[in-house]
Amino acid sequence: MSRAQRKISHINEVVKQTQFEPSSFDEMDIIHQSLTPLNWDQLSLETKCGELSLRSPLFINAMTGGGGFKTTEINQKLAIAAHEKDLAIAVGSQMSALKDEEEKNTYEVVRREHPNGTVIANIGTEATVNQALRAIDMLEANALQIHLNVMQELIMPEGDRDFSDRLQNIEQIIKNVSIPVIIKEVGFGISKETALKLKNIGVEYIDVGGRGGTSFSKIENNRREDRLQSLNNWGIPTLVSLKEVQAAYPSAHLIASGGIRHGLDGVKAMISGANMFGMAGPMLRTLVDEEVEGLLKKIDSIHDEIKIVMMTLGVSKPSELKGRPHVLFGKTKDWINQRL
Ligand code: FNR
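Each residue of the sequence shown is one higher than the one before, starting from 1 at the first, in full-length UniProt numbering.
So, in structure tokens, the structure goes:
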């Protein structure tokens with residue numbers, strides 16, 4: 001299967017995926033407060049994450065590009081929605097466009113539709129410093145994501161097998177890039193051991209990309225004849241990963257993603273330490289089912305949910321959510337008790 005075909009098959013698999021394992025977010029309850037000192041007009045969604053200043057803590061996370069007409073159309077529509085609502089948006093891996101000039105348009109369309117917005121470039125850990133700089137230039141990007149996807153590559157029969165120089169690669173890129181560099185997982189979560197390694201090479205921004213939403217074990221397994229079913233639920237749940245990273249690296253600029261379904265999950269992520277949160281699969285499914293109009297409505301609902309919970313908790317901006325009273329149950333609580 002060519003790289004372009006694989007990208008289309010990922011999109012089709014994600015759109016089909018409607019059943020998920022139990023979410024770590026369902027194992028957290030926020031404590032309701034009956035008296036709020038706020039007026040709705042005082043609420044603001046303005047968010048800061050390190051050097052990034054954003055109108056909302058919600059962003060559209062890395063998905064696609066480089067697969068021809070269909071991925072260009074999806075990126076264009078996602079970017080139109082991001083522009084309309086002034087959200088940050090990350091593109092999918094640009095590695096293919098760094099090798100084949102003809103694929104650049106599927107990414108550049110995002111900057112065209114969102115001219116003054118926050119656009120985030122995306123590369124793999126195999127990228128050289130020169131490729132990182134070209135990926136940033138291609139989009140006039142405001143930040144760069146480098147994705148960690150060892151498990152995905154290993155389940156792909158044609159995936160990479162040698163990761164021995166990846167930490168040094170990341171270090172070189174960080175030293176030579178002047179915009180924020182975000183290290184992200186793709187749905188398997190980041191442990192405290194990994195966070196410590198990232199801290200030691202100067203990484204400042206971490207998107208935990210935890211388990212609970214889009215599963216690349218399942219997606220890649222569906223393309224293998226000898227399905228490696230036992231690995232389908234591999235990974236660290238998102239809420240747990242947020243706690244793991246903070247334990248090892250409390251001053252990291254922390255970003256949540258992986259299995260965030262709505263504004264309430266986003267608030268739980270921010271109570272658990274995230275500055276902002278990304279959604280990928282749910283955005284794609286909404287776009288495919290309900291077009292840009294449906295996606296705009298979904299973004300409005302997410303913003304309303306965040307503001308309603310903020311107001312109830314007496315919090316006027318997202319940065320004040322961290323550590324608000326909550327309880328944890330089940331596997332999430334066990335995991336945190338044993339690891340932290
Ligand atoms: C992704 N994701 C992803 N991440 C990345 O860093 N580079 C990429 O090229 C891609 N490609 C990609 C394609 C598709 C179709 C999806 C749905 C996702 C991973 C994504 O950014 C995110 O980390 C995970 O999907 C988990 O978030 P959700 O989907 O549970 O919100």
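For every residue, glycine included, the Cβ atom is placed at its ideal position computed from N, Cα and C.
Distance between beta carbons of residue j and residue i, contact taken as under 8 Å
i: MET311; j: THR36; result: 6 Å
i: ASN75; j: THR118; result: Between THR118 and ASN75 the Cβ distance is about 15 Å, and since that is not below 8 Å, they are no contact.
i: GLN229; j: ASN221; result: 7 Å
i: ALA97; j: GLY65; result: 7 Å
i: GLY263; j: GLU305; result: 3 Å
i: VAL327; j: ASP29; result: 5 Å
i: GLY266; j: ILE302; result: 7 Å
i: ILE179; j: LEU144; result: 6 Å
i: LYS85; j: ILE299; result: 5 Å
Given residue i as reference, the closest of the options once Cα atoms are compared
i: ILE8; options: SER316, LEU284, LYS322 and GLY235; result: LEU284
i: ARG166; options: ILE146, VAL327, VAL181 and GLY159; result: ILE146
i: GLY213; options: LEU38, MET156, ILE182 and GLY278; result: GLY278
i: THR18; options: TRP335, GLU291 and ARG261; result: ARG261
i: ILE236; options: GLU108, THR332, GLN5 and ALA121; result: THR332
i: ASP227; options: VAL150, ILE174 and MET156; result: Asp is not the amino acid found at residue 227; the sequence shown has Arg there. With distances taken between Cα atoms, ARG227 lies closest to MET156.
i: ARG224; options: GLN172, VAL309 and LEU154; result: LEU154
i: ALA127; options: HIS253, HIS10, GLU193 and MET95; result: MET95
i: MET63; options: LEU296, MET270, VAL15 and LEU38; result: VAL15
Any non-hydrogen atom of ligand 1 within 6 Å of residue i CB
i: ILE11; result: yes
i: THR286; result: no
i: VAL186; result: yes
i: THR214; result: yes
i: ASN200; result: no
i: MET151; result: no
i: GLY189; result: no
i: MET63; result: yes
i: MET279; result: yes
i: SER93; result: yes
i: VAL14; result: yes
i: ASN233; result: no
i: GLY323; result: no
i: ASN337; result: no
i: ASN122; result: yes
Residue j beta carbon less than 7 Å from that of residue i
i: VAL245; j: ILE190; result: yes
i: ARG280; j: LEU242; result: The residue you asked about is not Arg; residue 280 is Ala in the sequence shown. Not a contact, by the Cβ cut-off of 7 Å.
i: PHE25; j: LYS268; result: yes
i: ILE60; j: ILE89; result: yes
i: GLU13; j: ILE206; result: no
i: GLY259; j: SER215; result: no
i: THR233; j: GLU102; result: Note on identity: in this sequence residue 233 is Asn, with Thr being the wrong assignment. Result no, Cβ atoms of ASN233 and GLU102 do not sit closer than 7 Å.
i: ALA82; j: HIS32; result: no
i: ALA248; j: ALA195; result: yes
i: GLY209; j: GLU185; result: yes
i: ASN176; j: VAL240; result: no
i: ASN142; j: VAL91; result: no
i: ARG111; j: LEU139; result: yes
i: SER93; j: GLY124; result: yes
i: PRO325; j: PRO57; result: no
i: ALA135; j: ILE173; result: no
Min CB distance residue i to chain C below 7 Å
i: LEU167; result: In summary, chain C is missing from the structure at hand, where a single protein chain is found.
Residue i burial status per 10 Å Cβ neighbour count (16 or more: buried)
i: PRO250; result: exposed
i: TRP335; result: buried
i: GLN42; result: exposed
i: LEU340; result: exposed
i: GLU290; result: exposed
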